[in-house]
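Residue numbers (the working numbering), protein chains in the order written: chain A, 153 to 779; chain B, 57 to 362. Glycine residues also receive a C-beta, built at the ideal position from the N, C-alpha and C atoms. Computed from a prediction, not measured in an experiment: that's the story for all the values here. The block underneath contains the structure these notes are about, expressed in structure tokens.
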């Protein structure tokens, strides 16, 4: 029922690292929750069920814990269900997660031959006999990516994560999404190996799209928790880029590069867990003090909340992939593995991968912009609302939670070789090559890329150099004994106030305008002009709202199509019993035909014949003659 | 080792001189009486003696950020390719780390802009974020392309390799990468046509807007950072895209290198005189050209092998 191989243990470590600081934070947050028993019960079950998912050894246990994880997190979103928004978000999450669950169930029913108690080990044989392995791949992909939040199944994240209580958002975004990544590692390696080249390309494309789309919508977001949720989409994208590169290299028989790329993906999984949990905790503390999620109502919080501000800064630097942070190291590894694409034999693939490099680099640049916005508007400048003015530092337990998570972030930066050693063991356990000796050939100070002519980075030397130079400069400044005067910021003769500052909307303005074709924002501008002058006005109000493209196109149009189709069927039937009967007959026919195709054999001749039979029977029995 | 330290010292000393040189050349070409090329040092010493005015609205970030803007750039100085044959160079740092360090410096500069609660700071930060986000992909792709021609991703090693075995077979992709990198040099250093370093008109400024609330030593630090950044990019361009002269005797090689830096500065000045500043929303077109050239460079390398 349970297994404890290296992959499981590494993910147990991930969950423990993510959950322990969260426990402190959660107990600090508890006084603010009304339904305490409900919250506590689901919170602990949620953590235990995640642990259960990663250690279960057969399909039944896996699905049981997976479902328990989904249901408890769904209930946790509903902890503070006061607004309709929350209930809608929870409903959306419930539907999306079960959409994925259906595909997982299908996947397991096929690879276990109907006996769900089959262990993972014996699935490989059954899957190898199945005629359409790509179908299995897509079932698995839909199942796990709907949970991980990759394009196009990412739409629920920016709704569900902000509505949950902050410790839960941190757990959901930081840890639960990673459990889906665990699923991908487990079943792609144990069950569906070896992979055709196309699978890797599919994952690479999904990853590149997710990373770009995630960061672009994060930029246009004003709800700080939704912003972070969009960044989760981005980071899952980055993980998938590493994963996809690993699969591509493996199917092109470049085993060393493949292991390197998978290690990069695992490393980024850990890093994202650490800094995203920390960011959600920081956002939660800010929300706790200001009682609003709107980033435009913050400002100047660094003065009132120094600990939160410091930890949030460290996490921001890390998520923006700036050296020498851990986020930089994993993104560096993913870049290096992509540069390894010059070893591929396939010219078209070689030419395609620079586009993924472009996507990843663009993501990095936009992430920096986004976190300057998130940090600058939240913590710097003047307070933009009275709530922000009266904010003060959060309680001891919450601070402890944040500081512990900072320690996790820093440990991932300082003890990179140690963690990479773990990931290397995982890859070895999954039957891949060990590359630890190639990443750290002589000492643990320098990290080498395994690609020929690859790069080298030495995180600790960089960190030391940066700290040393900064300290030296600050010491020199102190030694100069410069005279300092405090004065107001110059505001062109006007008084500097909260209203003279840039807003988050304004900050993201140039980028929003450049990507106007994607955002298609709804803008509302109303101003009261003075005496008919266009340019003189006493008050003005500007609001911009961006509805995600995927939601507007894919989801809404699917809804519309379902409506149209059901109306058509409704009109056809005309409440006539014969028509109903004919429909049921056709449905049975479809099921029989598709069962034959799936379970037995496929030949174009019978396929065409069946198609013709279906069309005739629909035409004759259901549609009938035009009256 | 001695050449290594000496080069860093020379580059640090040259940094303010190069920017003043650009300014003087521009003024000369516009029939103005040129400023002295030593104006940079004069400004520096003047600012060092002034008292610092710190904004009441600002936070601890204002007191820390200037140092964090300068220090990644100073660290980068130690990782540049050698200018003299056989000189020591740091082999373990690759181009990604360098671009990362430069981004780190920009990150804190943008935070600095937002810290003083002034509209100008936010405006500058917002624009800088926009430009920096578009520079990043072009930079990474150019680096990728150059690393393949040089046969190493490490900056120091790449410089040496290019100088020793110039990739004659890959002249086309080398040229494309060079064009792309030059555009990035202009964009990252905020020169015309991307940003006008001399303007104090709020509609056009990017870099100046972010540092509007700084004076005294802090301003001196930021100005130094700007000049150091220019010298970093110029010397990267000189080592990677003008890779000759490394084999001469030490003084000659050093002189040649300094000459190359001045040639790059002159090229920047000529572009500044001959073009108008682009509107902010036209800047992506220019950076798009850089991205396209970087892609072209990769494609020619892969497909034509040229």
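Under 9 Å between C-beta atoms of residue i and residue j
i: residue 202 of chain A; j: residue 327 of chain A; result: yes
i: residue 198 of chain A; j: residue 224 of chain A; result: yes
i: residue 298 of chain A; j: residue 177 of chain A; result: no
i: residue 191 of chain B; j: residue 517 of chain A; result: yes
i: residue 446 of chain A; j: residue 564 of chain A; result: no
i: residue 129 of chain B; j: residue 161 of chain B; result: yes
i: residue 427 of chain A; j: residue 382 of chain A; result: no
i: residue 556 of chain A; j: residue 183 of chain A; result: no
i: residue 400 of chain A; j: residue 352 of chain A; result: yes
i: residue 211 of chain A; j: residue 163 of chain A; result: no
i: residue 169 of chain B; j: residue 322 of chain B; result: no
i: residue 126 of chain B; j: residue 475 of chain A; result: no
i: residue 808 of chain A; j: residue 237 of chain A; result: Here chain A covers residues 153 to 779 and nothing more, so residue 808 of chain A does not appear.
i: residue 106 of chain A; j: residue 158 of chain A; result: In the structure as shown, chain A starts at 153 and stops at 779, and residue 106 of chain A therefore has no counterpart that could be examined.
i: residue 652 of chain A; j: residue 643 of chain A; result: yes
i: residue 366 of chain B; j: residue 310 of chain B; result: Any answer about residue 366 of chain B is impossible in this case: the structure gives chain B only from 57 up to 362.
i: residue 376 of chain A; j: residue 486 of chain A; result: no
Within chain A, the residues that residue i reaches when beta carbons sit closer than 7 Å
i: residue 192 of chain B; result: 513, 514, 516 and 517
i: residue 358 of chain B; result: 499, 502 and 503
i: residue 273 of chain B; result: 629, 632 and 634
i: residue 293 of chain B; result: Within chain A, no residue comes near residue 293 of chain B; the closest Cβ sits about 20 Å away, beyond 7 Å.
Contacts that residue i makes with chain B (C-beta to C-beta distance below 8 Å)
i: residue 665 of chain A; result: 337
i: residue 598 of chain A; result: 148
i: residue 654 of chain A; result: 170, 175, 177, 178, 179, 181 and 182
i: residue 524 of chain A; result: 163, 166, 167, 170, 181 and 185
Per-residue burial, residue i [other beta carbons within 10 Å of its own, 16 or more giving buried]
i: residue 283 of chain A; result: exposed
i: residue 227 of chain A; result: buried
i: residue 156 of chain A; result: exposed
i: residue 127 of chain A; result: The question about residue 127 of chain A has no answer, for chain A in this structure spans 153 to 779.
i: residue 646 of chain A; result: exposed
i: residue 299 of chain B; result: buried
i: residue 709 of chain A; result: exposed
i: residue 635 of chain A; result: exposed
i: residue 560 of chain A; result: buried
i: residue 490 of chain A; result: buried
i: residue 420 of chain A; result: buried
i: residue 688 of chain A; result: exposed
i: residue 79 of chain B; result: buried
i: residue 638 of chain A; result: exposed
i: residue 110 of chain B; result: buried
i: residue 463 of chain A; result: buried
i: residue 595 of chain A; result: exposed
Residue-chain proximity (residue i, chain D), Cβ-Cβ < 9 Å
i: residue 340 of chain B; result: Given the protein chain composition of this structure (A and B), no chain D is represented.
Closer than 8 Å at the beta carbon, the chain A residues around residue i
i: residue 35 of chain B; result: In this structure chain B extends from 57 to 362, so residue 35 of chain B is not present and cannot be described.
i: residue 189 of chain B; result: 514, 517, 518, 520, 521 and 663
i: residue 156 of chain B; result: 473, 474, 475, 480 and 484
Chain-ordered neighbours of residue i on chain A, where CB pairs are closer than 9 Å
i: residue 383 of chain B; result: Only positions 57 to 362 of chain B appear in the structure, and residue 383 of chain B is not among them; the question remains open.
i: residue 278 of chain B; result: Residues of chain A passing the Cβ test: none, with the nearest at roughly 12 Å.
i: residue 355 of chain B; result: 503 and 506
Chain-ordered chain B contacts of residue i [CB-CB under 7 Å]
i: residue 509 of chain A; result: 196, 197 and 200
i: residue 434 of chain A; result: Within chain B, no residue comes near residue 434 of chain A; the closest Cβ sits about 15 Å away, beyond 7 Å.
Quick one: which unbroken alpha helix (DSSP H) runs of 4-plus residues sit fully inside the segment 77-132 of chain B? Chain order, please. 95-105
Alpha helix (DSSP H) runs wholly inside the segment 234-298 of chain B, at least 4 long, in chain order: 263-266 and 272-297
Near-chain A residues of the segment 104-131 of chain B - C-beta to any C-beta below 7 Å: 107, 108, 109, 110, 111, 112, 113, 115, 116, 117, 123, 124, 126, 127, 128, 130 and 131
Write down every uninterrupted run of the alpha helix (DSSP H) in the segment 641-673 of chain A whose length is 4 residues or greater and which is fully enclosed by it, in chain order. 656-659, 661-666 and 668-671
Residues in the segment 623-637 of chain A with C-beta within 7 Å of chain B's C-beta atoms, listed in sequence order? 625, 626, 629, 632, 634, 635, 636 and 637
Closer than 8 Å between beta carbons: that is the criterion. Which residues of the segment 170-182 of chain B meet it against chain A? 170, 171, 172, 173, 174, 175, 177, 178, 179, 181 and 182
Using a Cβ-Cβ cut-off of less than 7 Å, list which residues of the segment 205-224 of chain B approach chain A; keep chain order. 207, 208, 209 and 210
Whole runs of the alpha helix (DSSP H) within the segment 543-620 of chain A, excluding any shorter than 4 residues: 548-566, 568-581 and 588-591
Output needed in chain order: residues of the segment 455-467 of chain A with a Cβ under 7 Å from some Cβ in chain B. 455
Scan the segment 477-550 of chain A and note each continuous alpha helix (DSSP H) run of 4 residues or more that stays entirely inside, going in chain order. 478-491, 499-531 and 538-541
Using Cβ-Cβ distances below 9 Å, what residues of the segment 304-326 of chain B are close to chain A? none
When Cβ atoms are compared, which residues of the segment 230-243 of chain B fall closer than 9 Å to chain A? none
Give, in chain order, every residue of the segment 308-325 of chain A whose Cβ lies closer than 9 Å to some Cβ of chain B. none
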